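FYI, the numbering for the sequence shown is 28 to 1196, going by this note's numbering.
Built from N, CA and C at the ideal position, the CB exists for glycine as well.
The model shown is predicted, which means the values in this text are computed figures rather than measured ones.
Down below is the structure, laid out as structure tokens.
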Amino acid sequence: MPLFKVPFRNQKEIEHERHLQANNKEFNEKFEYVNNSIKTSKYNFFTFLPLNLFEQFQRVANAYFLFLLFLQLIPQIVSLVWYTTVVPLALVLSMTGVKDAIDDMYRHKSDKQVNNRPALVLVNGKVKEEKWMNIKVGDIIKLQNNSFVTADVLLLSSSEPCSLTYIETAELDGETNLKVKQALTVTSNLGDNLEKLTNFKGEVRCDPPNNKLDKFIGMLIHEGEKYPLDNERILLRGCTIRNTDWCFGLVIYAGHDTKLMQNSGKSIFKRTNIDHLMNVLVFWIFLFLVGMCSILAVGHGIWQSQKGYSFRIYLPFKKDTDSPIISSFLIFWSYVIILNTVVPISLYVSVEIIRLGNSFYINCDRKMFYIPNNTPARVRTTTLNEELGQIQYVFSDKTGTLTQNIMVFSKCSINGQSYGDIYSMTGQKMEITEETEKVDFSYNKLADPKFSFYDKTLVEAVKKGNTMVHLFFLSLSLCHTVMSEEKVEGDLVYQAQSPDEEALVTAARNFGFVFHSRTSETITVVEMGVTKVYNLLAILDFNNVRKRMSVIVQTPEGKTMLFCKGADTIIWELLHSSCRSLQNVTMEHLDEFASDGLRTLAVAFRELDEEVFQRWSCKHHEASISMDNREEKLRLIYEEIEKDMMLIGATAIEDKLQDGVPETIATLMKANIIFWVLTGDKQETAVNIGYSCNMLNDDMNEVFIIDAKESSMVRQELRTARNKMNPDSLLGTDPVTALFSQSELKTFIVPKEVANGSYGLVIDGHSLAYALEESMELELLRTACLCKSVICCRVTPLQKAQVVELVRKYKNVVTLAIGDGANDVSMIKAAHIGVGISGQEGMQAMLVSDFSFAQFRFLQRLLLVHGRWSYIRMCKFLYYFFYKNFAFTLVHFWYGFFTGFSAQTIYDEWFIAFYNLIYTSLPVLAMSLFDQDVNDLWSLRFPELYEPGQHNLYFNKKEFVKCILYGIYSSFVLFFISYGSTYNSLQMNGKSSSDYQSFALLVQTSLLVVMTVQVSLETAYWTLVNQFFIWGSLTLYFGLIFLLYSDGLCLLFPYTFQFIGTARNTLILPWVWLTILLTVALCVLPVIVFRFIRMEFWPTKIDKVHRKIRECMKNPTPPPAQMRLRRTSSRRSAYAFAHQYGFGALITSGKNMKSRAPFGFGDNYSSHK
């Protein structure tokens, strides 16, 4: 069984076909199909220790220290006791293991919550409650209204007529509009008869488990007859049952075989760029260490052969080490142990502490706390913080992530009069806020209390009986495919195929035109309190070509009326010539609505002559029963009647964005972050949101639409777009194209290309499927990366992950994916950083994410504040940590030339033990946990400060080499300045002070003072904690050396504390302090001078921003007002209903209609008319 995967059944052979039988447990168990339990956790009780240790020892440093530990167990070469390595190594492994265990416990908890959900399963003729995880392939289960679908099931029967079942697929494709499924006639007769269901022995043969959400091919064999099965008969796990009291289904796929789980993607062990870089640097350091040890070993061999014999009386050779070669070999390993502090194990302890500290800041950030839902920001993976400061690509879902998934009737234009805006007494347009007074709909008892509108003039027009206003709302209450449900009298619940349609019908309801109920032949509307029944004569349904829908009704007065709504560009062509002036005025209103990012529709009507309608009805009937080109014939018939219409007005619906979405995207783009939207929603909706968010705008040179249906056409459209953006990229002389031909694609990194303007790209799921093929993926990537914004619509969850993986594969960038639904899980797993939003589509995205919060706008604070701070702090920490340890360790190297290369340590053993543990660890931790170059407000005000992290400028291989060189220089100064001042020195009383212990004390004191001054220079933001740790550590050092070198301890433990009286005898000498001062000056001044010259003569872009911030702080100016970004586009959304075939045919067929209690026509629901 694979170590890092969920325990699938033992598949000796690949499953080519699924074969099962209802209510036959023994038959189905032969195939060993998985049950319905899921597992997203990585470990269990038995595998945690080996797997976690295996993961941790993938870190080169951990393996390196394990190797050192084995060396320290060899008596011939040991120069430091074994526990100096094993204790910190065990501490690092334990801390990381505990953190990983806690993270995995949360995964176990979420798995348990899902697996233990209750389900109703048919067992021995009775419906019993069972846990989800115990459901098996072949079981028949019962699903109820508003419940999640337990597994992928074949719909057998339901409570609705003709066994229809309405579902919501938000967690699969992000859409909240209703979809309808229908059972086969042969199974719909089973109904809810438990005896019939128990005796049902149908066999199913179908596709093996796969990730194709929109495809299912199978066959039902029942009583010797074969019935074809397609996707319309299948309910997928993750869907929600709506408007259906109950339904029964046969489990086809369970658990990890379900299409939802097949699309969830693989769990990836995420590690930051810093982690990868540290692995490379540790390898470099190891080579550097081997080089130093080799030099010292060779030196020892030469010294031993030439002068060693003279020292045998002082340093007798150990047994079996008479040979200089053997002695050099052993000395090599002794120096490996002594010099191993160039990469101290405390580095990794400190890194984990810093990450935990920065995670704590995110968890406790009150500005990322969403009060309405009582939801804080949460760090779910604590090892990725610094990578938040390096993001270059953001991949976002749309529904529930950028939008609130709420459609609101915002404005309208009726007969040339615009409604929806409010004005002050002086005639100035006023902004609508939470304090703005809403229209009072109390006169309408059937009004939806959640509906809000602010322009009172529209209500007044309705009450005054304005004919065109009444006609406008009457058309909205009739021209739709919404279905209503009234479980409690007066409490209507609308179920719509699209939230847009529901918003329009709800608006008509509140203004006094209440759609109450419908049958296959009638529509009942309560008009201003009076119930009227309209005969439904025909529904001219919507499709993507027509971009409109119409209904033909007969009014209670006997008139035949056609009401139509659709895209204004389409409706204009169908209007009567007398509407020209009204059309121009309405066009101006539509432009205003479009600039506000609203989705618009034009509304028109036509009164039909009875004779004309009868002739058309005959043609319509003939076309509807035609077996050849039925759709085309119906389209032509529809066009015959949809002409010479009279314009009523237009509607404007707001697809409500989450608060601050346009501002957040604008700020992130200023930070040079590229923004792509990957959504399962329809193209028109996705593009409209792109304009609303200002990802797309009229200032762009062009927005390319890729919607071809063939591979060759997709390639051609991509190349055509790239030719317009960068014509040279198609030439053979193009350097990038030349690199393609010379490089292997598996390791190729696509360099950045620059377009000749500002462009956008929109590609649909069908085209994307071709574009993601191996032969075309680079074409897609090159074209997309030339664009300022990219929108992929109608994509499957797996395609979302594939797009992210494509960018990761060929671009050396850090990616972030953000979403809120189960359809975003694979994308979140595929990105370097996964962010989950706790929204309306469940908690799946949040549970697999690395970071989570409640609102999209918090993303800019997560990246530009916490991410940038974390990156800068980690870079400062690593630079300083490597520097201080190189300076500390290389003093041993210089000392070896004066000690016969004998692996003698220069420092007191207690100083070696405490240097990284106490003296230098706390100051650098304080800097790494509290330092800020600028505060959060300046970070958000100047997003360009984020760019250095994207290019990894603050710590990279070049900076590491600088760090090494600076450490070598400092160690050279520390050793030789101290050596020169101590050599043959005398005290005031004439006694020599050039002993080993005084020299060691001088070197280590100089080293610690230099490190303290250096960390002070690196600290940009001083707090009380910094002050305490920095100066407190230095004070603690002096306190400890007087204690450890005191007479009392040395007399009590003479073999442990050997530096008796060294501190008090040495630190009273003036030349010692002058030496320390000189050493500090020579080590620190070059850095100060270099930084000053660079800032004055060669300032970077970031230096200039910092200078500007300092000027602003000296001369404070009020921050720019937070203006609501307006959509600067005249483009209008074409329509506000589902971009698929509507429910028209279903409604007129009567299949979806239940028998209803007679409604009292003429009953009044309001006293106002």
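Query: Whole-number beta carbon distance between D179 and D851, since they are thought to touch under 8 Å; Result: Contact doesn't hold; Cβ gap of about 20 Å is too wide.
Query: M873 versus I864: straight-line alpha-carbon distance, rounded; Result: 6 Å
Query: Inter-stretch contact (C-beta, 8 Å, three-pair minimum) for the region 800-810 and the region 370-388; Result: no
Query: Short Cβ contact (8 Å threshold) for W965 with I1136; Result: yes
Query: In DSSP terms, what G863 is bridged to; Result: G846, S879
Query: Reduced DSSP category for F1164 - H, G, I as helix; E, B as strand; rest coil; Result: Its pLDDT being 48, under 50, F1164 is placed unreliably by the model, and the measurement read from it follows with that caveat. Residue state, collapsed to three classes: coil.
Query: Buried versus exposed, by CB contacts within 10 Å (16 or more), R536; Result: buried
Query: Cβ contact check for the region 997-1009 and the region 1097-1109: 3 or more pairs under 8 Å; Result: yes
Query: Alpha-carbon to alpha-carbon, Q1054 and T377; Result: It should be pointed out that residue 377 corresponds to Ser in this sequence rather than to Thr. If I take the Cα positions, the gap works out to 19 Å.
Query: Three-state secondary structure (DSSP) of N432; Result: strand
Query: DSSP three-state assignment for R1091, whether helix, strand or coil; Result: helix
Query: Extent of the continuous beta strand (DSSP E) run through M510; Result: 510-515
Query: DSSP three-state assignment for C814, whether helix, strand or coil; Result: coil
Query: Distance CB(G251)-CB(G848) smaller than 8 Å; Result: no
Query: Whether G994 touches L917 by CB criterion (8 Å); Result: yes
Query: K827, buried or exposed, once every other Cβ within 10 Å from all chains shown has been counted against 16; Result: buried
Query: Runs of alpha helix (DSSP H) wholly within the region 179-225 (minimum 4 residues, chain order); Result: 197-200, 212-215
Query: Bounding residues of the beta strand (DSSP E) (the contiguous stretch that carries T1039); Result: From DSSP, T1039 is part of no beta strand (DSSP E) but of the alpha helix (DSSP H) over 1023-1045.
Query: V1037 and C990 closer than 8 Å at C-beta; Result: no
Query: Length of the line joining the Cα atoms of L886 and L415; Result: 10 Å
Query: Inter-residue Cα distance where the pair is E44 and P235; Result: 5 Å
Query: Assumed close pair D482, D448 - CB separation to whole angstroms, cut-off 8 Å; Result: 6 Å
Query: Nearest-angstrom Cα separation, counted from K286 out to F883; Result: 28 Å
Query: Three-state secondary structure (DSSP) of E59; Result: coil
Query: Contact check, C591 vs E487, beta carbons under 8 Å; Result: no
Query: Start and end residues, alpha helix (DSSP H) containing Q333; Result: 300-333
Query: Per-residue DSSP class, three states only, for L47; Result: strand
Query: For K709 and P403, the rounded distance between their alpha carbons; Result: 32 Å
Query: Exposure of G152, with buried meaning 16 or more beta-carbon neighbours within 10 Å; Result: exposed
Query: Beta-carbon proximity of I389 to H893, cut-off 8 Å; Result: yes
Query: Extent of the continuous beta strand (DSSP E) run through K425; Result: Segment: none, K425 is in no beta strand (DSSP E) and carries neither H nor E.
Query: Presumed contact (8 Å Cβ cut-off) between M614 and G593, rounded CB distance; Result: With 8 Å as the limit, M614 and G593 do not qualify as a contact, their Cβ atoms being about 15 Å apart.
Query: Classification of K163 by the beta-carbon crowding that lies within 10 angstroms, buried from 16 upward; Result: buried
Query: C-beta contact flag for D682 and N715 at 8 Å; Result: yes
Query: Cα-Cα separation, T267 to I194; Result: 5 Å
Query: Residues sharing a beta bridge with G593, DSSP; Result: R575, A629
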